[in-house]
Every structure is written in structure tokens, then in C-alpha cells.
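The structure appears right after this line, and notes come after that.
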Amino acid sequence: METHSFNFLFKESIYPMAIVDHEMRFLNHSKLWLQDLGIKDSNIIGKTFYDVFPNTPEEIKIIHQHCLRHTVKQSKIQTITQSDGSQKWVDWQIKGWKEESKKLSGLLIVAEDITLKKRKEELLLNIQRVAKIGGWEFDFVANKAYLSDITKEIHELPLDYEMDLEKGLEFYKEGEHRDKITRVVNEAVTHHMPWDIETILITAKGNERWVRSIGECEVVDNKCIRIYGTFQDIDQKKRIELHNQEISERLTIATTDAANIGIWEYNIFNRKVTWDDNLYRIYGVTRDKFEETIDAWEAIIHPDDKIHCHNEIELAIVNNKKCTIEFRIIWPNGELRYIRSEFTISRYQNGVPSRLIGATWDITEAKTAEQNLKELLEVTSEQNDSLMNFAHIVSHNLRSHSSNLSMLTGFLTQEEDENEKSSLVKMLNDASISLNETVTHLSEVVHVKTNSEEKMKKTNLLKAIIAVEKNIRALLNEKEAVCNISVDASINIQAVPAYLDSILLNLFTNSIKYSSPKRKPIIDIKAEVKDDVVLFTFADNGLGINLEKHGKKLFGMYKTFHKNKDSKGIGLFITKNQIEAMNGKIEVESTEDVGTSFKLTFKKTIENEHHKKNEKDREHLYYR
Amino acid sequence: MKKIESTCIIDDDPIFIYGTKRIMKEMDFCDDILVFNNGQDAIDGLMDITAQGKKLPSVIFLDLNMPIMDGWEFLEDFVKIPNHNREKVTVYIISSSVDPRDVERVKDYDVVNNYILKPITPQDLQNVLAEVA
Chain H
1 METHSFNFLF KESIYPMAIV DHEMRFLNHS KLWLQDLGIK DSNIIGKTFY
51 DVFPNTPEEI KIIHQHCLRH TVKQSKIQTI TQSDGSQKWV DWQIKGWKEE
101 SKKLSGLLIV AEDITLKKRK EELLLNIQRV AKIGGWEFDF VANKAYLSDI
151 TKEIHELPLD YEMDLEKGLE FYKEGEHRDK ITRVVNEAVT HHMPWDIETI
201 LITAKGNERW VRSIGECEVV DNKCIRIYGT FQDIDQKKRI ELHNQEISER
251 LTIATTDAAN IGIWEYNIFN RKVTWDDNLY RIYGVTRDKF EETIDAWEAI
301 IHPDDKIHCH NEIELAIVNN KKCTIEFRII WPNGELRYIR SEFTISRYQN
351 GVPSRLIGAT WDITEAKTAE QNLKELLEVT SEQNDSLMNF AHIVSHNLRS
401 HSSNLSMLTG FLTQEEDENE KSSLVKMLND ASISLNETVT HLSEVVHVKT
451 NSEEKMKKTN LLKAIIAVEK NIRALLNEKE AVCNISVDAS INIQAVPAYL
501 DSILLNLFTN SIKYSSPKRK PIIDIKAEVK DDVVLFTFAD NGLGINLEKH
551 GKKLFGMYKT FHKNKDSKGI GLFITKNQIE AMNGKIEVES TEDVGTSFKL
601 TFKKTIENEH HKKNEKDREH LYYR
Chain L
1 MKKIESTCII DDDPIFIYGT KRIMKEMDFC DDILVFNNGQ DAIDGLMDIT
51 AQGKKLPSVI FLDLNMPIMD GWEFLEDFVK IPNHNREKVT VYIISSSVDP
101 RDVERVKDYD VVNNYILKPI TPQDLQNVLA EVA
């Protein structure tokens, strides 16, 4: 029973094992023996080991003999090429046995298949080689260092190199890198802190190489007896990383510090927007005040530009084009800023648009500069015109008087007739009066040009009109003129009061001077406010003027168009100059024998209106 | 030296007219002097002469700066007057303007013979006589 049961257990053993006698003949074996070793012959009992394994190497045969003779245990790993050509790793464990009583002896052999284990080991080694990860340790008790082959390779050291801790630290680049590794090793030894750092190593061949060192310590009785860890060559990766970092930093400097460009992204599906810090600065809002949605963005845009922006974005998505938009925004403090944004559309592989990515910058300064330049150009060209005009006046009008004077004095010196002489003196007197008048006009013109805006002040338009009308009441009454004044008493304009009076007086006297003899003069005066200007109309039913013929010269100096003794051609010239000196404009419409209508533009006084407007804008945004 | 039959002065400055007339008389420049105070009056007057079938004055002294119709405008209208001897009329611009733009512009008008700078002198009129008569 006992023998039978033992035999059964042997057969069913979880190990592939066999028993042979002193002549290596099989006495018994487990089922796994045949199965694991791939033995086709199912009846090997009585056959020798070498019959079954004819390729048994000599060294294993020696082990067999040794174990038989000394009844000891030995093991040996052998690679076996199987019938299908694949390799199998077998760990032979051989033990000699002897039964003195029966004078029997033999071997117990266990053949462990370690193929899987071997493969894993190889794989691990491979991984280490590919990832360039090596191992290392320093044993403080034995004062010994161990470096794996890969660690040595990373150091470019010969494989038989003997390392110690001090030598190990010297491989790190002098300065910050060596200081860093020394510090973390000290920390590990004294405070048992693990580390994970990236530093530069100088290899045995003098090459610089980025490495990642991970270390831990083994502590016994609160004392560090060993430090160990891994060592990885990250040179390539690190250099790419550093390069990218450099590019990214450069980009940041370029966009943030130099150009002040903000970057944004808009996700079309969830309508979310993402801004960088710069963009928050550009839009004048803080992160906690911004909802990060497209609607929140649109709320910042000037009401008049919203539709334009919306349409441009839609259009860009449809046309799949790079797009530039310019629009105005209103900062939370009410300030108006000009913005330019360029963006492209990013799509999924199936072509469906997914995101907009853009860059935005503030162009307020450029816009303002452009505006200023335009204004400056206008002023310059106007001044140039006046200068030409002035030169003409000097060359013509002054000369005409001086030539008369010289001619008359010439006659006077030759004249002997007393009557003729006194007549010449009278003419000489007239000529000098005319010269004086012309000089007065010129100085008036120059005066207007040089007296700039600083004398401008808030002036009530209606009051000014009524005051002038009162002054020339006698003249108006004489001609039985009717004045219809329709000007709101609340309208205030920025004006030099003396200029305004002179302009109004000139318009009134012109209307009377050039009234039609066929009808009683009617003067219609109106004013309306439009944005920040006041449009002022002064219309009469007088003679009118042929603008096609005389339009260009109407506001010129010494231009007259009517046979009228009072015409000097200076009034409208000065009027125009005075209006322009107050940043205003004058235009004229006229039909001959129907009447003339002068349209003047003045700057409205802004006062507290500005404040109100901002409040209104804010309200508007708030209720959106 | 020959004498000119009829001369026309178009100018709004009474002193100039007085002076010119006086010099003309002194040197016996012409028989007859026509005076107009602006371009429009001159056109009207010359049209009248044409309507009566008379000859136009052979020399016109034309000022540039005048009210209602200036010298340039007069020239535009003058060349349209349908008179058989219009082409024999010599026009002299006579102006106080030393503005080079005015002097330059005169060259655009074939009908204009020369530009005389005020004040007019006996020598100027001598030259005219030499050219025309």
C-alpha cells in the first residue's frame, strides 16, 4: 500500500522529476517529466538517461558521475534546442542517493523549465539597455560600490572599473551640478531623504551628458547603511526639452514683453474661450471677472462692432481662411481701445471646424497716431493753402497800392498845375488809406491764424445770436428784414466769443447787403446737435450766387461777385479763417435769385455729457 | 511812330486808370480810350460794339484781380466774341501781381501778348506801340 501510494504521488508530482540507478537507467519518473521535456517515448523505464537525451553535454555527464559517487547535490542550467527549433532553458537539479541495505544507488533528477524566467530577465536587460537605465549602489558598511554595466556605459567606463562614492561624485560637472548631487546624497545620508534629480555628468571620455539620478537609502538603527538607485541617460530628451524651453521662452518674451500679443483659443462646440495672461491685460479684465465664454467676450466689444466681428468669424469658418478683424472694445473703466486680432481655424480630420486659434494686440496707439497724422496733414495743407493765399495777397494787393503810390509821386514831381497837383495829393491820400486798410486786413488774418484754441470757451449760441441781432437792429429794421431764430437755449459751443460775434455779424450784414430788391429779406437761423458737434444754418432769400462760377473763390480774399460799393471781398475770408481757428467748418449752398444758405459746424461743449455717455455704455453692457 | 486808333483799359482801380490815361495822353498813344471797371462790364461793352458792327479796340490792357468777373474769366469769354477783327486784338495783362503762378498762367492764353507789371511806365507803352502799330 505504502509503496503503491508513493508511486502514485511520484507520478503526479508537480515537478518534472525522475529517478535513475547507478547506471543512469530510469527507475521512475513523474508525468510532467515526459511532458515538460518533450519526450515522445512514453516508456523510458529501463532505458538510460543518455538514450533519452543523446545530446547531454560532457560537463553534465561529469556532474552526474560526481553526484553518484559522493551522494551530493549539484545543479546546472542547460539550453535545449527542441524539435520545433525553439530554445528551452532547463535547470537540472541533481542529487545522488544510496541505499546501503539494498546496495542500491542512483540519482534523483528534477528538471525545472526556467525558459519563462530567463526570457523575462533578458527582456528586462533589454529594456534597461534601450531606456539607458542602469543601477547602482553604495554600501557604507562594506564601503563598496556596485555599478551595473549600463551605468558604467553611461559613464563611458570600462566594465571592470572599481567605483567608490567619492570617485562617483567627481564625475558630475563642477559647479551647480556637482553641488546638487553632493547636496542630495548628504541629505539622503543624514536625513534619509530619497532624491530624483537631473544633472550633467562628465564621462570618463570627457563628454557632457544629461542624466537622471534616482536614489533611496536603506536605514538600519536610524543609520543609513546603503544608498541605491537607478541611473538614466536622458541627454537627448533633455537637450530637446531645453531647446524647446528656450524657444518657448523666446516666444514668450517676444509676445509678452516686446509685442504685447495675447493668444486665445475658442472652442466652437462648447463656446468656451481660453486666454493667456496677456490677453486679459489687453481686454482690461481680470481672470475672476471673466466667464471664459464667447458671449462674455462679445460683451466687451463696442456695441457698433459686435455684428461685424460676429460676421467675420462666421465667414472665416465657412471660407476656411486666415482672418484679421479690427474692432473696438470698452474697458471696464469706460476707456475705448482699438484691437486687432488674427486667427486661423483648426479642424478635425473629417473637416469639421473645432477651434479658432488667434493672436490679438492693442492698436490704439497706432490708430491714434494715424488719426493725429491725418489731422496734422489736414492742418498742414490748410496752413499751406493760407500761406499761398497770404503770399498772393502780399504780392498782389500790397503791390497794387505801392505801385499806385510810386506812380502818383512820379506825376507829382513833374506836375506844375496847382489844381492838378492838389488832385494828385488827394489821390495819394486815398492810395495810402487803401494801403492802410489792406495792412489792417492782413494783420487781422494773421491774428486769427495765430490765436489758437486756448481762448476757446463755453459760449451760449442763442445768446450770441440775439446780442448780434440787437446790435444791427437798426439796419434790419431799415430793410424791414424778418429773422426767424430757431435755436435751443441749451446749446453751448466751444468758441472764441469775439470770433463768434464777428462771424454772426458778417453773416447778418452779408444777407442784408446782398438782399434782393424784389422782396423783403427773410433770415432763417437754425441749430441742431449731432454727436459732438453743432450744425448751424444761416439762410436768406437774397440775391444768391452762382456757385459753379464763383464757388471756389467765395471764401478767398478780395473776391467780390456783386456790383456793390460795400463789397471788399474780405468778410467771408475772415469768417472762414475764424471758424477754422475754432476747429469748425463753413459750407455754402446757393441759388441765384433764390437765396444763400451757410452751413457752419461748431464743436459742442462737452461738460458733463462725457460722464453720462460712459454710464450709458456701462448700463448697456450690464443688461446684455 | 504810328498811333493806335482805339485802346481799352479793364481795371477796377481808379488811380491806375487815371495814371495810365495821363501817360497815354502825354505820349499821344491813341485816339480813343475805352474804360471798363470789371470783366463783365468789358464783355458787355465789347459785345455792344460788335452788335453795332464797329471794330474792337486793337489793344486791351487787362487787370487780373477784379470783382464780379476777373481777368482770367474775361479771357475765357472774350475769345468767344464773334467779331471779324477779334483776332487782330492784342491783349496785355497788366497786374501788380509778382506771383510767379500768375506769370506762368498767362502762357496758357494765345490771345495774350505780354505781361506788364504795374506801375505802367511810358517805356512800357512805347514797347506796345512798337509791337502793335
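Sequence order for the protein chains is H and L.
The opening residue of the first sequence carries number 1 in full-length UniProt numbering; numbering runs sequentially from there.
The opening residue of the second sequence carries number 1 in full-length UniProt numbering; numbering runs sequentially from there.
Every residue gets a Cβ at the ideal spot worked out from N, C-alpha and C, and that includes glycine.
Residue burial annotation: H:N333 is exposed, with fewer than 16 other C-beta atoms found within 10 angstroms of its C-beta.
Taking the Cα positions, H:A145 is about 40 Å away from H:Q65.
H:K604 places its beta carbon 8 Å or farther from that of H:G584.
When the Cα atoms are used, H:V487 and L:I60 turn out to be separated by approximately 53 Å. Against chain L, the beta carbon of H:L408 has neighbours under 8 Å at I15, G19, listed in chain order. Against chain H, the beta carbon of L:D99 has neighbours under 8 Å at A391, H392, S395, H396, listed in chain order.
Taking 4 residues as the shortest admissible run, the stretch 239-296 of chain H contains the following complete alpha helix (DSSP H) segments, listed from N- to C-terminal end: 277-283. Counting along the chain, the unbroken beta strand (DSSP E) around L:N114 starts and ends at 112-117. DSSP places L:L64 in no beta strand (DSSP E); its state is neither H nor E. Any Cβ of chain L closer than 8 Å to the Cβ of H:A498 would place that residue at the interface, and such an atom is absent.
Contact with chain L is absent for H:D524, since none of that chain's Cβ atoms lies less than 8 Å from the residue's Cβ. In the structure shown, the three-state DSSP call for H:A142 is coil. L:Q40 sits in a helix when the DSSP states are folded into three classes.
Between the alpha carbons of H:T255 and H:K117 lies a distance of about 56 Å.
One finds nothing in chain H with a Cβ atom closer than 8 Å to the Cβ of L:N127; even the nearest lies about 17 Å away. Annotated three-state conformation of H:M582 is coil, per DSSP.
Among the CB atoms of chain H, one or more fall inside 8 Å of the CB of L:R22. Taken in chain order, the complete alpha helix (DSSP H) segments of 4 or more residues contained in the stretch 495-539 of chain H are 497-513. Listed as beta-bridge partners of H:L104 by DSSP are H:E99. For H:K237, DSSP records no beta bridge to any residue. Setting aside the 5 residues that flank it on each side, H:E112 is surrounded in the same chain by D91, each with a C-beta closer than 6 Å to its C-beta; the list follows chain order. At a cut-off of 8 Å, the C-beta of H:S516 has no neighbouring C-beta in chain L. For L:S96, at least one C-beta of chain H is nearer than 8 Å to its own C-beta.
By the Cβ test, the stretch 350-367 of chain H is in contact with the stretch 279-295 of chain H, since at least three Cβ pairs between them sit closer than 8 Å. In the structure shown, H:G134 falls within a strand segment according to DSSP collapsed to helix, strand and coil. When the beta-carbon positions are compared, H:T199 and H:V211 come within less than 8 Å of each other. L:C30 has L:I4 as its beta-bridge partners, per DSSP. One alpha carbon belongs to H:H192, the other to H:I357, and they sit about 49 Å apart.
Of H:F10, H:V394, H:I545, the smallest CA-CA separation from H:Y514 is found for H:I545. Put simply, the stretch 421-435 of chain H does not touch the stretch 376-388 of chain H. Fewer than three CB pairs are less than 8 Å apart. Listed by position along chain L, the residues whose Cβ is nearer than 9 Å to that of H:D417 form an empty set, because the closest Cβ is around 12 Å away.
Here H:D51 carries a helix assignment [DSSP, helix/strand/coil].
In this structure, the beta-carbon distance from L:E73 to L:G39 falls below 8 Å. DSSP places H:E589 in the strand class (E or B) of the three-state scheme.
Around the CB of H:Y499, 16 or more other CB atoms lie within 10 Å, so the residue is classed as buried. Taking 8 Å as the upper bound for CB-CB distance, H:I225 and H:S213 are not in contact here, some 20 Å apart.
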